[in-house]
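Counted the way the numbering used here counts, the sequence shown spans residues 2 to 548. Scroll down for the structure; my scribbles are underneath it.
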Amino acid sequence: MQREDYPRPDAVRPRLRILDGEWLLATDPATVTDAINVPSNAVTVRVPYAPGTSLSGIKDVPLSREWRYYRKFALSPFECAGSVILNFNNIDGYFEIFLNGSPVGAGTGVFASSHYDVSALCKPGENILCVIVRAVKEEVLRGIWSEVWLEFAARSYFAFVRATIVYADKKLYVQGNLAGNPEGLKIRTEVAFRGKQIASYDYKASANFTLCAPLDRDIEPWQIGAPALYDVRLTLYNAKGGVCDTLYTYTAFREIKLFENKLYVNGRKTFLRAINDGCVYHGAGNTAPSSAIIAQDYATALTLGFNAVQFDSTYPSPRHLYIMDKLGLAARVALSGSSDPHPTEREAAAATEENVKLIARDYGHPSILFWLPFIDFSGSPQLQITGAESYKKLDATRIIPATSGGKIYLNELYDFRLDAPDCEALKAMLYIRTNGGIYGEKEEARMLKADGALLPSAALRKLAAYVGSFTAGRVTKNDYLSEKSFIDTYASAYDLIAASGAIGFTLSDLVDTGKGGILDAERNFLLSREGLTKLIAVNKKKAFAES
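Below, the structure written as structure tokens:
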């Protein structure tokens, strides 16, 4: 397997078994008796695709609000002798997991991964896994919609690992913890850069560890368009020199800051030309059928002159982020629950719980420059303020605008959105900067009187600006007029944004899902060759806010 084909390319354990493929799905609660006996009316579903997608094998989404997935798999005595870790990348809904009839774990989620040590529940021969998924809200239930897999290790293994680089010290640090008894164990850390080993150190193992690996060389930073990744291999040895566990990860050095209303990446003034990716795949919903299609999409974005990708309507998988890390694309990532404009405190708390897991999991991806907690927010001021502050405490290394679009109560960035191809409105929002839309002074005064927590125009004009979303119109393939309108609007909008001093923009969308796009669902270009050439020429223009 290539690294990008692993479910978690940033945490690869070589001994694994993918459980994707044919499962059985029961959607009639009246026929379900327990977590072992599969109902006779269960139908075949292909994981990791959500029911209702053609690749799942189930054409229509079941109406039931409770689904039960069943999967049988065999284990050898050798595999059962050590530790067995069960992993899920995404389960949408409230879920309960059972193995051989015994409870494994439960939770509520949409995007966050979950993993469980199921060693005590596994047995040589046939095992049966049951996952019960229930709808939390009225939205369509997706159930299991990403990879499921087993990993194997000895009784002691790496439970968590995070690698970071300190640029000034020329050192790589690895933090983590071990499952099992660490007594008498040794950790070997090997670091490679562009295929060549540059460091190797041995350390005495402990339950919680921080390891330092001096690199004795200048650190090459990860730059947009010039990625530099340091590969790390961790091996856990027992007292006799036997291998207990091996884990592959990687890290990079990348520093971001806003200074004098400009974005600096590793000290270089940077202008982001982003395109939004809804992660929609023909016949597969939001689940990429292969790493190749992700790489193709992002290679296309780079070729067209974009240097960043934004994720609005869904959260990128670890494979998406790894490919962006490798290609040198920047990312703006909307967190779980961000698309709800007015969440209740309970909904915000549930989203925060999941986002803590997402930030912890994906902290090490250098491509992520922005976390977006809210989009088009119109809810409680306190929710926005406390939400942004809590995420900043979790990750002070990234830019976290309190909201992208909507009403702004607290922000380090004037991040606004425009859903119509209207350059006059764009110009007004770039230069006049009113809160939550385009208003005159009297209207703004009334708004501020009604809601004193809103930031006034004077405060917004002191912030760096980012156009969080705009559309240049929809292109119809082989339609000269729609293509010309798209290119002309995009060129005018680009010139306005680039000259305004804004730090970047996001064009909607890479793949057309209704608002406009450059590709259709089958990944065919909607623009002609001439149109693509003009688009690339526009993106080559230098912006005021870049070196």
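Quick reminder that beta carbons are idealized off the backbone N, C-alpha and C, glycines included.
Check	Outcome
Could you give the C-beta distance for residue 186 and residue 267, rounded to a whole number, given that I count them as a contact under 8 Å?	Rounded, the Cβ-Cβ distance is 37 Å, inconsistent with contact.
When you compare only the Cα positions, how much space is there between residue 259 and residue 465?	8 Å
So is residue 477 buried or exposed if we call it buried at 16+ other beta carbons inside 10 Å?	exposed
Looking at the structure shown, is residue 67 part of a helix, part of a strand, or coil, going by DSSP?	strand
Tell me the rounded alpha-carbon separation between residue 91 and residue 286.	13 Å
When the Cα of residue 224 is compared with those of 67, 183, 254 and 405, which residue comes out closest?	254
Straight-line CA distance for residue 45 to residue 100?	19 Å
Just the Cα atoms here: how many angstroms apart are residue 523 and residue 65?	31 Å
Is residue 532 helix, strand or coil by DSSP?	helix
Is the CB-CB distance between residue 107 and residue 69 below 7 Å?	no
Can you tell which of 358, 103, 305 and 83 has its C-alpha closest to the C-alpha of residue 539?	305
Take the Cβ of residue 548 as the centre, count every other Cβ of all protein chains shown within 10 Å, and call the residue buried at 16 or more, exposed below.	exposed
DSSP on residue 52, reduced to helix/strand/coil?	coil
Please report the distance separating the alpha-carbon of residue 536 from that of residue 496.	13 Å
Considering only residues of the segment 266 to 327, which uninterrupted beta strand (DSSP E) runs meet the minimum length of 3 residues and lie entirely inside it, listed in chain order?	273 to 277 and 309 to 312
Does the segment 385 to 401 touch the segment 409 to 416, meaning 3 or more C-beta pairs lie closer than 8 Å?	yes
Per DSSP, what are the beta-bridge partners of residue 150 in this structure?	19 and 88
Do residue 418 and residue 380 have their CB atoms nearer than 7 Å?	no
Helix, strand or coil for residue 119? Go by DSSP, reduced to three states.	coil
What separation, rounded to the nearest whole angstrom, lies between the Cα atoms of residue 289 and residue 81?	32 Å
Tell me which same chain residues have a C-beta within less than 8 Å of the C-beta of residue 332, skipping the five on either side of it?	309, 310, 311, 312, 317, 322, 325, 366, 368, 369, 370 and 371
In whole angstroms, what separates the C-alpha of residue 352 from that of residue 7?	27 Å
Could you give the DSSP three-state label for residue 511: helix, strand or coil?	coil
Which of helix, strand or coil does DSSP assign to residue 236?	strand
Could you work out which residue in 20, 433, 248 and 247 is closest to residue 145 when comparing CA atoms only?	20
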